Structure formats: C-alpha cells, structure tokens
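>
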Amino acid sequence: MPASSEVPAIPSTWHHRHLLDLEFFSADEISLILDTAESLHLATRGGREKLDILRGRTVANLFFENSTRTRNSFSLAAKRLGADTVEFSSSGSSVSKGETFIDTAKTIEAMGVDAVVVRHATPGTPHLLARHLDCCVVNAGDGPHEHPTQGLLDILTIRQQRGTIAGLTVALVGDIAHSRTARSNIWGLKKLGAHVIVCGPATLVSRNWEKLGIEVVHNLDSILHRCDVLNLLRIQFERQATRPFPSVHEYALLYAMTKERMQRSKPDILIMAPGPINRGVELTPDVADGPHSVILKQVTNGISIRMAVLWLLLGRKGS
Amino acid sequence: MFNAETHTSWLLDNGQIVDPANGIDRIGRLLIHEGKIAAIDPSDGDIPNDAIRIDAHGMIVAPGLIDIGTDLGEPGREEDETISSGCLSAVAGGYSSIACSANTEPAIDTVASVQFIQQKSLKVNQCRVHVIGCVSKDRRGEEMAEIGALVEAGAIALSDMPRPIENTALLKRALEYCSMFDRPLLDHPELLSLTRHGVMHEDMTQLVLGLPPMPAEAEDLATARDLRLVEATGGRLHLTNISTIGSVELCRRAKSRGLPFSVGLNSVNFHLMDQLLRSFDSNCKVNPPLRSAEHLDACVSALADGTIDVIATGHRPFSVEKKMQELDAAPFGMISLETTLSAVISFLIRPGYLNWSDAISKMTCNPAKVLGLTSGTLSVGQPADVVLIDPGLKWKVDAEELLSKASNTPLNGHELFGRSVMLFVDGKLKFTRLAVAV
C-alpha cells in the first residue's frame with residue numbers, strides 16, 4: 006500500500022489497548038502498524054513538522070533500565086503528534102527504594118497519564134502494569150522477553166529496502182538467549198513470511214529455538230551466502246550469569262561482521278544492528294558505516310513506528 | 004449445654020473408612036470416644052448414649068492428614084502467616100498434624116525457638132504442630148546447628164528447607180550426626196549453581212518468555228548426590244520435594260536396590276504446568292518450579308508405583324505486597340494447606356491414577372513414618388485424629404476466603420472436587436462445614 010501524507014484512520018478492526026508482545030499480533034495488525042508508521046512519517050514531513058492529533062494526551066516514559074535511544078525516540082514520537090510527555094527513571098530496583106513498582110506506576114497514572122511506556126529488566130513487568138493500571142501500556146523492552154517496537158522498526162526497515170518480507174532470509178546473530186529484540190523479530194518476521202535463522206554460540210543459542218520453526222546455526226560463515234539480512238544483536242554482558250564464551254576477542258573472531266565476511270555475503274545484503282553497538286565486537290566500524298548498513302535508518306524508523314503505536318492506541322476518540 | 008468443641012463421643016456412621024496402615028478400605032462406622040479411636044463397627048450396645056451420630060454416607064473417613072515442611076511464617080514474617088492463621092488453615096484443609104519448617108526469622112536453630120513454636124501452637128490449640136529444626140545455623144549452610152539440643156527440645160526432624168543443603172561436606176556430616184539421634188534429615192534437592200537467579204523451569208515456555216531458567220538437571224544432580232550420601236553414611240534422609248523425570252528415575256532405581264530413604268513431592272508438581280507462567284503471575288513462581296507436561300507425567304507415575312511416598316502441601320505463604328513485585332523479586336511459594344487434598348482428589352483420584360487408600364497413605368501414615376510418629380492411622384486406642392472428606396463436593400477456590408493469612412495461590416478462581424468437611428484432633432472437633440446438632 007503506498008503511504009499517503011494524510012493522517013491515517015484507525016480501522017474498526019483494531020482492538021488493542023496495549024502493545025505488550027508481538028507474539029500475539031497478527032500479520033495484518035503488524036502490517037497496519039508499519040503502514041501507519043510510513044504515513045505518519047510523511048505527514049510529519051520526516052519530523053520537520055509537528056501534528057496535533059494527540060493534543061491533550063499525556064505519555065509517561067517509565068524507564069527502570071538505562072536507555073537513551075528508545076526513551077528519546079518515544080519522547081520525540083509523542084511530541085511530534087502533539088502529546089505531552091512525562092519522564093520517570095529509576096536505575097535501581099523499586100524495592101530498594103521502599104516503594105513497589107506498581108505503586109510508582111499508579112502514582113504516575115494518577116497524574117492523568119493516558120499511556121505508560123515502560124522498560125524494565127524483568128520479563129512480564131509491562132503485563133503486570135497492564136493488569137493494575139487503567140491506561141494504555143507500551144512495552145519498551147521487558148528483560149529478555151520482548152521489545153515490540155524494536156521488532157517493528159527492524160521489520161519496517163527491511164520492508165522499505167526490499168518492498169516485502171515474505172521469502173527473505175533474515176539471520177539474527179549474537180546473544181539470542183538474552184535478547185528481547187530477537188524474540189520480537191522472530192514473531193514478527195515469521196508472521197510476515199520470512200525465513201528466520203538464529204546464529205550464535207551454543208551457550209546463547211540452544212537447539213530448542215528450532216521448535217519455534219526457525220533455523221539454528223552456530224557457524225556464521227556457513228550461512229553468509231544465503232542471508233538477505235543480518236541483524237547483529239548486542240552482546241548483553243549485563244544479563245549473563247556465567248560468561249557464555251571465553252573472551253570478547255574469540256566472540257569477534259567467530260561472529261563479528263567484518264569486511265572480509267562482507268565479501269562472502271550476498272551483494273545486496275542488509276546490515277542491521279539494534280544498538281547501542283559494541284564496535285569491533287558485533288561488527289567492525291567499516292561495516293557499520295558501510296553502504297550496506299541501514300543502522301541509522303533503523304533509528305529514523307524507530308520514531309515513525311512509535312508514532313504509529315501511540316496513534317493507534319490513543320488516537321481513537323473517547324479511548 | 005451441648006458444646007460441639009468439647010463433646011467427646013462421636014459416631015461417624017456409614018462412611019467409607021480408609022485406613023491404609025491397617026489395610027482397611029470399607030463402609031463402616033467409626034466411634035470416637037474420650038479422645039481415642041474407640042472402635043470400628045462397634046455393636047449398638049457399645050455406643051455411648053451421648054454419642055453424636057454423623058451421617059457419613061458417601062464420605063471418606065480417614066486419619067487426619069499430616070504435612071511435612073509447612074511454612075508458618077512466625078516468628079519473623081507475621082505479615083505472611085502466623086502460627087494461629089497457619090493452624091486454622093491446616094485444620095480447614097484436613098490436616099491434624101503439621102511439621103513446620105525452620106524457615107522463620109530467626110530460623111529455628113535454638114532450643115528457645117523450638118519452645119516458642121511449641122508453646123504458641125499449644126495456645127492456638129488447633130492442630131498438632133511438630134517442629135523441624137535447622138540443619139545449619141541460621142539455615143546458612145555453613146556450620147551445623149546444635150542438632151542434639153534441638154532434638155532434646157523436641158525437634159522432630161532437621162532441615163534447612165526450602166533451602167537446599169548445598170555444601171556436600173556439610174550434608175554428609177549432618178547425615179552422620181543426625182543418625183545418632185534417630186531423626187530424619189530433610190533435604191530439598193537443588194544445585195544452586197545451576198538455578199541461581201532462576202525464576203522458572205527451563206523449557207520452551209521459559210525460552211519464549213526469556214525468564215531466567217531453573218533446569219531440571221539442577222534437581223537431578225542434587226538428588227543423585229543426596230542418594231549417594233545416604234549409601235555412604237547410612238543416614239536417614241527424606242527428599243522433601245522432587246519434580247523431575249531424572250529425580251524420579253534416580254529414586255526409583257535406588258529404591259529397587261533397597262536403599263532406605265523416602266521421597267516427597269509438593270502437590271502442585273503433579274497438576275500445574277510451567278505454561279501457567281505465561282500469565283506472568285508471581286503466584287505461579289514456586290520452588291521446585293512448575294514443570295512441563297512430561298515431568299508431571301513422571302511424577303504421577305512415581306506416585307502410582309510408590310516411588311514417591313509423601314504428598315506435601317509445600318505451603319509457603321507470602322503477603323500481597325511481596326508477591327506483587329516484579330517476577331524476579333517476588334519470593335517463591337504459594338499457599339496450599341486448603342487446596343492440596345482437593346488437588347489430590349481432582350487430579351489423582353478422580354482420573355484413576357491413585358485409589359483412595361494409596362492417596363491417603365501418602366498424606367497420613369507415610370509422612371508419619373518419615374517423622375517417626377505413631378499417628379496417621381485409625382488403630383483402636385490411638386488418639387482420634389480423624390478427617391471426614393466429601394469426595395464429590397465441587398467448590399471454587401476464592402483466595403480471600405481461605406483461612407491462611409496470605410492469598411498467594413494460582414488456583415484462585417479454579418474449580419476443584421472434594422474437600423474435607425470435618426476434622427477431629429485428639430477426639431475434639433476442630434473444624435466442620437457440616438451443621439452439628441444433638
């Protein structure tokens with residue numbers, strides 16, 4: 006569907022109040038979010054103009070884990086649609102502050118918030134909030150579980166470059182076990198018909214992933230020739246109880262995307278990374294900044310996707 | 004004036020008497036008189052005139068249930084449970100005896116703390132409360148508690164549960180040491196180095212949710228280690244709760260070789276699956292964790308073939324504010340004193356995996372044997388600890404209505420079959436759902 010610069014209507018079939026996990030969104034719903042994102046990108050002239058379609062609405066950013074990129078992206082998205090934003094962050098656990106996490110959220114909701122965007126180190130925390138709050142809840146990453154807007158922006162980026170998702174071979178490389186980006190990508194890509202490969206050391210990519218209908222590979226070099234897209238996931242040093250590989254040096258040796266590996270890849274391969282990237286670990290600087298890299302397009306698309314999500318959740322009159 | 008609580012003569016008439024220790028499973032009448040089991044099928048002339056007849060038609064008459072390792076919260080965690088609320092919950096669930104865990108603050112590692120529980124529970128005067136003392140000081144797993152003194156004060160068994168004894172050298176010593184006092188050591192088999200930070204059973208549900216894993220092999224390896232130490236020391240060991248295919252198989256093989264030890268399981272591990280964590284409900288966070296279907300099947304088979312001797316409640320009460328945290332911060336546990344019997348009836352007896360006699364034995368005479376108690380039977384002359392069970396009673400769990408102070412159960416809102424309707428402890432009526440009149 007060609008995107009128009011009109012503010013897209015919210016179809017009557019859309020019934021979600023929250024965006025918690027892509028696992029439970031249909032292919033049509035995912036496509037709707039992508040289309041809406043493209044329209045809003047045009048309607049805001051790529052961010053040069055602000056709309057007022059969410060004027061009077063307030064979006065709270067509730068970040069219990071460090072983030073600059075996702076938090077700013079949500080803030081900008083809300084502001085470009087005319088919504089107000091409230092920022093709340095806490096790096097420590099809510100318990101250590103003597104206030105439970107739910108109480109913190111309820112306090113912020115009581116300030117008249119229409120949507121809460123939450124990031125937390127524990128899976129299921131946005132779901133817990135959705136049960137206890139009346140407002141919309143958007144999952145901005147819950148531990149290793151899901152990061153739906155990241156999955157959506159990755160998929161949008163691929164679709165823009167290739168026109169379609171169906172039939173493409175997309176490899177997610179790295180720390181799959183601890184990656185919320187991987188899980189959201191897997192659900193979304195599979196629903197839209199891609200062939201998904203997860204690739205990384207056996208300690209971070211178990212054979213069990215095959216049961217989700219995807220391919221498990223430990224040797225990156227063996228799949229380069231047939232991948233249309235490589236999404237290089239960040240090594241989540243902070244989530245690993247025991248070190249899953251001997252050294253960063255060895256990881257880079259086996260899995261870093263280098264100039265040399267690029268030469269053995271498909272000529273039109275897309276290189277993606279959800280960031281923040283560890284240069285020299287997941288990919289070398291020349292690859293990150295090279296012609297195949299769409300890393301910065303992902304960032305731009307992040308704002309479009311988040312505008313689309315906020316619009317779909319908050320835009321309906323009376324919602 | 005008639006007072007049901009102090010009345011001493013009761014005739015439970017026409018019920019199905021299930022007394023596995025004595026091989027009894029038949030329709031009959033049971034006479035309770037002056038605190039004792041006076042007779043089974045007494046002649047009319049032997050029934051005291053003031054005996055109150057309870058029509059037990061269609062009901063099960065069984066020894067009062069016995070739980071091993073109940074958490075009472077007190078002292079130290081009175082916001083979760085007290086000795087009083089825990090005992091009320093026990094009698095409502097059909098339990099005439101509980102052996103409370105040392106999982107208190109301070110832990111039960113001194114004579115004074117044993118005596119505190121004893122005195123408090125006598126005052127509460129609901130069910131019998133036996134005290135489990137710590138194996139290690141403050142349950143820290145470093146040095147042995149004063150086991151001899153604890154036993155002298157009345158500790159019936161020694162355990163650091165729900166924490167495992169991770170230090171193998173300590174476990175070996177403690178098994179040797181406890182054998183001097185002829186008291187069992189209860190261990191929760193878990194290798195902490197494989198489950199550290201873990202929240203749920205490692206399998207597909209865990210993989211999709213991204214929650215930190217608790218792999219089955221963490222239990223299997225600890226079970227293997229514990230059994231090997233029983234063999235080496237001749238110590239008296241009870242594995243409090245197994246839940247995996249591997250543990251079941253290890254125990255089965257060890258028993259077939261004649262190794263003396265006993266095995267328990269928490270009731271949730273035969274009927275609740277790991278998939279329930281899809282709700283991210285912290286009430287489903289228990290230890291041992293809810294496992295996947297094949298492990299549940301293995302546990303049911305092990306109950307049926309006698310590999311598992313004891314069904315425990317695994318009662319771990321926690322206040323709402325503790326459970327309402329993020330999943331990794333929320334503590335492990337659920338309340339289950341009032342739902343375990345119903346779970347046994349609903350998921351083991353009704354589907355035909357266990358008959359009444361086998362099921363009741365795992366909640367009465369078998370735990371009694373583990374603890375060295377003479378109770379758990381309906382032998383004539385024994386103190387009358389008797390439960391009356393309505394096996395067909397369908398009820399819906401309402402966590403707020405349960406007598407435990409806590410309400411952390413994933414069974415809230417679920418329908419279960421069967422429930423205890425009357426409980427006698429020492430011949431006294433302690434709990435009834437039936438109207439009692441002269």
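Protein chains in written order, with this note's numbering: chain A, 6 to 324; chain B, 4 to 441. The C-beta atom is built at its ideal place from N, Cα and C for all residues, glycine as well. It should be emphasised that the depicted structure is a prediction, and the values quoted were computed from it without experimental measurement.
(1) Starting from A362(B) and walking both ways along the alpha helix (DSSP H), at which residues does that stretch end?
(2) Would you check if the segment 167-176 of chain A and the segment 226-234 of chain A touch, i.e. whether three or more CB-CB distances between them fall below 8 angstroms?
(3) According to DSSP, A65(A) sits in a beta bridge with which residue or residues?
(4) Under 8 angstroms, do T154(A) and M277(A) count as touching if we go by C-beta distance?
(5) Quick one: what's got a C-beta closer than 7 angstroms to S322(B)'s C-beta in the same chain, skipping five residues either side?
(6) Which same chain residues, not among the five before or five after L67(A), have their C-beta less than 6 angstroms away from its C-beta?
(7) What is the rounded straight-line gap between the Cα of S270(A) and the Cα of D233(A)?
(8) At 8 angstroms on the CB atoms, spell out the chain A contacts of E324(B), in chain order.
(9) Residues of chain B with a CB under 8 angstroms from the CB of N213(A): which are they?
(10) At a CB-CB cut-off below 8 angstroms, which residues of chain A make contact with E252(B)?
(11) Below 7 angstroms on C-beta distance, what does G213(B) contact in chain A?
(12) Is the shortest distance between the beta-carbon of L133(A) and the beta-carbons of chain B less than 8 angstroms?
(13) Can you pull the chain B residues whose beta carbon is under 7 angstroms from the beta carbon of K216(A), in chain order?
(14) Work out the CA separation of E43(A) and L25(A) for me, nearest whole Å.
(15) Quick one: what's got a C-beta closer than 8 angstroms to N25(B)'s C-beta in the same chain, skipping five residues either side?
(16) Helix, strand or coil: how does DSSP classify F420(B) here?
(17) Whose C-beta lies closer than 6 angstroms to the C-beta of S92(B) among residues of the same chain, with five residues either side of it excluded?
(18) Classify G193(A): buried if its beta carbon has 16 or more other beta carbons within 10 angstroms, exposed otherwise.
(19) Just checking, does the segment 140-150 of chain A make contact with the segment 200-208 of chain B on the three C-beta pairs under 8 angstroms criterion?
(20) Are there 16 or more other CB atoms within 10 angstroms of the CB of I444(B), so buried, or fewer, so exposed?
(21) Give the single residue among L47(A), T41(A), N144(A), R212(A) whose Cα lies nearest to the Cα of T127(A).
(22) Count the CB pairs spanning the segment 226-233 of chain B and the segment 317-336 of chain B that are closer than 8 angstroms, and state whether there are at least three.
(23) If I measure Cβ to Cβ from E369(B) and keep anything under 8 angstroms in the same chain, skipping five residues before and after, which residues do I get?
(24) Grab me the residues of I27(B)'s own chain with a C-beta within less than 8 angstroms of its C-beta, minus the 5 sequence neighbours each way, in chain order.
(25) Whole angstroms are fine: how far does the CA of L419(B) sit from the CA of G218(A)?
(26) D331(B) versus chain A: which residues are under 7 angstroms apart at the beta carbon?
(27) Tell me whether V253(A) sits in a helix, a strand or coil according to DSSP, three-state version.
(28) What residues from chain A crowd round H278(B), counting only those whose CB sits closer than 7 angstroms?
(29) Which residues in chain D sit within 7 angstroms of M327(B), going by Cβ to Cβ distance?
(30) Considering just the uninterrupted stretch of the alpha helix (DSSP H) at I308(A), what are its terminal residues?
(31) Does Y356(B) come out as helix, strand or coil in the three-state DSSP assignment?
(32) What residues in the segment 281-313 of chain B have a beta carbon less than 7 angstroms from any beta carbon of chain A?
(33) Quick check on A82(A): does DSSP put it in helix, strand or coil?
(34) Could you please give the first and the last residue of the uninterrupted beta strand (DSSP E) stretch that includes E220(A)?
(35) DSSP state of D291(A), grouped into three classes?
(36) If you measure from the beta carbon of P13(A) to each beta carbon in chain B, is any gap under 8 angstroms?
Looking at the atomic coordinates:
(1) As a working note, residue 362(B) is residue 359 in the second sequence. Run containing A362(B): 359-364, per the alpha helix (DSSP H) assignment.
(2) yes
(3) One-based indexing of the first sequence puts residue 65(A) at position 60. Beta-bridge pairing links A65(A) to V91(A), V121(A).
(4) Your numbering for residue 154(A) matches position 149 in the first sequence. Your numbering for residue 277(A) matches position 272 in the first sequence. Going by C-beta atoms, T154(A) is not nearer than 8 angstroms to M277(A).
(5) Translated into the one-based positions of the second sequence, residue 322(B) becomes position 319. The residues are E82, D83, A409.
(6) Working through the first sequence from its first residue, we reach residue 67(A) at position 62. Counting only Cβ-Cβ distances below 6 angstroms, and skipping sequence neighbours, we find F93, V121, V123.
(7) Here residue 270(A) refers to the residue found at position 265 when the first sequence is read from its first residue. Here residue 233(A) refers to the residue found at position 228 when the first sequence is read from its first residue. Rounded to whole angstroms, S270(A) to D233(A) spans 9 angstroms at the Cα level.
(8) In the second sequence, counting from the first residue as 1, residue 324(B) sits at position 321. Chain A residues near E324(B): T105.
(9) As a position in the first sequence, residue 213(A) is number 208, starting the count at 1. Using a Cβ-Cβ cut-off of 8 angstroms, N213(A) is close to D206, M207, L210 of chain B, given in chain order.
(10) Mapped onto the second sequence, residue 252(B) falls at position 249. By Cβ distance, chain A contributes nothing, its closest Cβ being about 22 angstroms from E252(B), past 8 angstroms.
(11) Walking along the second sequence from the start, residue 213(B) turns up at place 210. Simply P128, G148, P149, H150, R185, R188.
(12) Counting from one through the first sequence, the residue named residue 133(A) turns up at place 128. Taking Cβ atoms only, chain B reaches closer than 8 angstroms to L133(A), which makes this a yes.
(13) On the first sequence, residue 216(A) is found 211 positions in, with the first residue counted as 1. Within chain B, the residues near K216(A) are M207.
(14) Within the first sequence, numbered from 1, the residue matching residue 25(A) stands at position 20. Within the first sequence, numbered from 1, the residue matching residue 43(A) stands at position 38. Roughly 21 angstroms separates the two Cα atoms.
(15) The residue you call residue 25(B) lines up with position 22 of the second sequence. The residues are T380, L381, S382.
(16) Here residue 420(B) refers to the residue found at position 417 when the second sequence is read from its first residue. Residue state, collapsed to three classes: strand.
(17) The count along the second sequence starts at 1 and reaches residue 92(B) at position 89. Around S92(B): L340, E341, L406, S407.
(18) Taking the first sequence and counting its residues from 1, one reaches residue 193(A) at position 188. Buried, by the Cβ-count rule.
(19) no
(20) It is not possible to answer for residue 444(B), since the shown part of chain B is limited to 4 through 441.
(21) In the first sequence, counting from the first residue as 1, residue 127(A) sits at position 122. Closest option to T127(A), Cα to Cα, is N144(A).
(22) no
(23) Here residue 369(B) refers to the residue found at position 366 of the second sequence. Here residue 369(B) is Asn; the residue named in the question, Glu, does not match the sequence. Closer than 8 angstroms at the Cβ level, and outside the excluded window around N369(B), lie S265, D312, V313, G379.
(24) For the purposes of this step, residue 27(B) is identified with residue 24 of the second sequence, where counting begins at 1. Contacts found: I20, V21, I43, L381.
(25) Counting from 1 along the first sequence, the entry for residue 218(A) is found at position 213. Counting from 1 along the second sequence, the entry for residue 419(B) is found at position 416. If I take the Cα positions, the gap works out to 37 angstroms.
(26) Residue numbering aside, residue 331(B) sits at position 328 when the second sequence is read from its first letter. At a beta-carbon threshold of 7 angstroms, the residues of chain A lying near D331(B) are T127, ordered along the chain.
(27) Translated into positions along the first sequence, residue 253(A) becomes position 248. Reduced to three states, the DSSP call for V253(A) is helix.
(28) To locate residue 278(B), count along the second sequence from 1; it is residue 275. At residue 278(B) the sequence reads Gln, which differs from the His that was named. Among the residues of chain A, none has a CB under 7 angstroms from the CB of Q278(B); the nearest is roughly 14 angstroms distant.
(29) The structure shown contains no chain D; its protein chains are A and B.
(30) Taking the first sequence and counting its residues from 1, the one referred to as residue 308(A) is at position 303. Counting along the chain, the alpha helix (DSSP H) containing I308(A) begins and ends at 300-319.
(31) Your numbering for residue 356(B) matches position 353 in the second sequence. In the structure shown, Y356(B) sits in coil (DSSP, three-state: anything other than H, G, I, E or B).
(32) F283
(33) To locate residue 82(A), count along the first sequence from 1; it is residue 77. DSSP, reduced to helix, strand and coil, places A82(A) within a helical segment of the structure shown.
(34) Walking along the first sequence from the start, residue 220(A) turns up at place 215. From DSSP, the beta strand (DSSP E) with E220(A) extends over 220-222.
(35) Here residue 291(A) refers to the residue found at position 286 when the first sequence is read from its first residue. Residue state, collapsed to three classes: helix.
(36) Here residue 13(A) refers to the residue found at position 8 when the first sequence is read from its first residue. So no, P13(A) is outside the interface.
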